[in-house]
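I have placed the structure first, in the form of structure tokens, so that the comments after it can refer back to it.
In this note's numbering, the protein residues as written are 25 to 445.
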């Protein structure tokens, strides 16, 4: 370890290093992961609990060979909001379970037939823009959370503007200027600074914190199932699969091992979706591998699954501290909006990174067409109704991209494309 300057996947670390390194990983995912329950209007304690449990399940299922932290998935935000509005949160939970179950079936298909076909259905030129759209189509949501899109006849509150600019300012310049340990927790520091600004502007009500008990069980709840709600959510499976593959490819390059081969894409994909299925059964939001934690590994060169498992255990412990959950619930929307501006943009950039890391050649017409059509489809506000299911945004773009990729593949079979020339 000392010669390489790297703590590899299977390396164990002493407790004196394990604790601070685990806290670092938990901090890295914290700001983004608790944002999802805020947007869904549920208590963050159950999400912290499931993030920890899901991560431990992932490590176990992948035989401790794939370092990954599972946090709250942003890919479900748009369809889940529709389901919650039309049916209620318990039916969204049922849809989460169903998507996770279908994802587990997909992992068995990959185990049986291999993963080469995925590159045909979702080549990098299609995968990149689909992942980018996860963040880009949520840009207006970030502005709305920040209170920067006022209702007609009302002015934007000065306090919201102050809190927003302090939050995003610290996040942006902290990401560029912080060094050493602070360089991996700029999001958390920005939330703290924005929260302090909110307190200074009298924008925080601590009454719920006073009434909360010191220790409390997370709010567990059970799902309900409706076929219409499931069909609204099901297309997200295409997005989370492409996102998962992208994360595994990036992680493989960082640690110098091919995770698609060992432990295998079928194992990691099953673990990811099994965690989402369990999450829906207990009342939490879907989980996914987190780019923030992949970034921490890249910066620190600490890849140990034992460190990540330590962060998962810390997350579970935090979920049982009632005062902490209540305190998190008092964070104003302007703070969350300020962070969202950066985080949603980072999600969009991660899609562009897939294009760059995969060396997509845009001198080829097919790549240029795929990426262009997917971006325009996703951002055009076009809505397609299939019976009771409405396809739009990222979901519609993903389906269009898959259809185009399959058509291009068939044209190749008959030598009708100009790539050979």
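All residues carry an ideal CB built from backbone N, CA and C; glycine is no exception. Note that the structure is a prediction, hence the values are computed from the model and not measured.
Inter-residue Cα distance where the pair is residue i and residue j
| i | j | result |
| --- | --- | --- |
| residue 213 | residue 256 | 37 Å |
| residue 187 | residue 223 | 10 Å |
| residue 145 | residue 240 | 46 Å |
| residue 211 | residue 85 | 30 Å |
| residue 376 | residue 234 | 45 Å |
| residue 25 | residue 129 | The pLDDT assigned to residue 25 is 43, lower than 50, so where the model puts this residue is not dependable; a value taken from the coordinates is nonetheless given after this. The alpha-carbon atoms of residue 25 and residue 129 are separated by roughly 39 Å. |
| residue 27 | residue 33 | In this prediction, residue 27 has a pLDDT of 44, which is less than 50 and means its spatial position is unreliable; what the coordinates show is noted afterwards. Taking the straight line joining both Cα atoms gives about 16 Å. |
| residue 44 | residue 322 | 17 Å |
| residue 57 | residue 429 | 32 Å |
| residue 331 | residue 441 | 49 Å |
| residue 181 | residue 198 | 26 Å |
| residue 78 | residue 299 | 5 Å |
| residue 417 | residue 407 | 8 Å |
| residue 501 | residue 125 | The question about residue 501 has no answer here: the residues shown for the chain are numbered 25 through 445. |
| residue 434 | residue 427 | 11 Å |
| residue 64 | residue 218 | 21 Å |
| residue 425 | residue 397 | 8 Å |
| residue 165 | residue 131 | 32 Å |
Beta-carbon separation (whole angstroms), residue i vs residue j, contact threshold 8 Å
| i | j | result |
| --- | --- | --- |
| residue 316 | residue 50 | About 11 Å separates the two Cβ atoms, so there is no contact after all. |
| residue 284 | residue 268 | Their Cβ separation, rounded to whole angstroms, is 11 Å, which puts residue 284 and residue 268 out of contact at 8 Å. |
| residue 394 | residue 149 | 4 Å |
| residue 68 | residue 340 | The Cβ separation is near 13 Å, so there is no contact. |
| residue 232 | residue 358 | Contact flag wrong, Cβ pair sits at about 18 Å. |
| residue 319 | residue 170 | Contact doesn't hold; Cβ gap of about 24 Å is too wide. |
| residue 37 | residue 154 | Contact doesn't hold; Cβ gap of about 37 Å is too wide. |
| residue 343 | residue 73 | 4 Å |
| residue 75 | residue 94 | 6 Å |
| residue 97 | residue 311 | 6 Å |
| residue 401 | residue 92 | Between residue 92 and residue 401 the Cβ distance is about 30 Å, and since that is not below 8 Å, they are no contact. |
| residue 185 | residue 365 | Not really, about 13 Å apart at Cβ, beyond 8 Å. |
| residue 31 | residue 266 | That pair is no contact at about 30 Å. |
Residue i in three-state terms, based on DSSP
| i | result |
| --- | --- |
| residue 111 | coil |
| residue 131 | helix |
| residue 313 | strand |
| residue 440 | coil |
| residue 36 | coil |
| residue 383 | coil |
| residue 284 | helix |
| residue 238 | coil |
| residue 308 | coil |
| residue 302 | helix |
| residue 391 | helix |
| residue 326 | strand |
| residue 139 | coil |
| residue 355 | coil |
| residue 407 | strand |
| residue 415 | strand |
| residue 445 | Residue placement at residue 445 is flagged as unreliable, the pLDDT there being 49, under the threshold of 50; the coordinate-derived value follows with that caveat. Here residue 445 sits in coil by DSSP. |
| residue 345 | strand |
| residue 376 | helix |
| residue 31 | strand |
| residue 250 | coil |
| residue 125 | helix |
C-beta neighbour in chain B for residue i, strict 8 Å
| i | result |
| --- | --- |
| residue 315 | The structure shown contains no chain B, having only a single protein chain. |
- the stretch 244-254 in contact with the stretch 303-315 per 3-pair CB rule at 8 Å: yes
- Query: At what residue ranges does the stretch 64-106 contain a whole run of the alpha helix (DSSP H), taking only runs of 4 or more?
  - Reply: 68-85
- Task: Scan the stretch 155-200 and note each continuous alpha helix (DSSP H) run of 4 residues or more that stays entirely inside, going in chain order.
- Result: 163-169
- Query: Touching or not, the stretch 271-286 and the stretch 101-117, by the rule of three or more beta carbon pairs under 8 Å?
  - Reply: no
- Query: For the stretch 156-175 against the stretch 364-383, are there 3 or more C-beta pairs whose distance is under 8 Å?
  - Reply: yes
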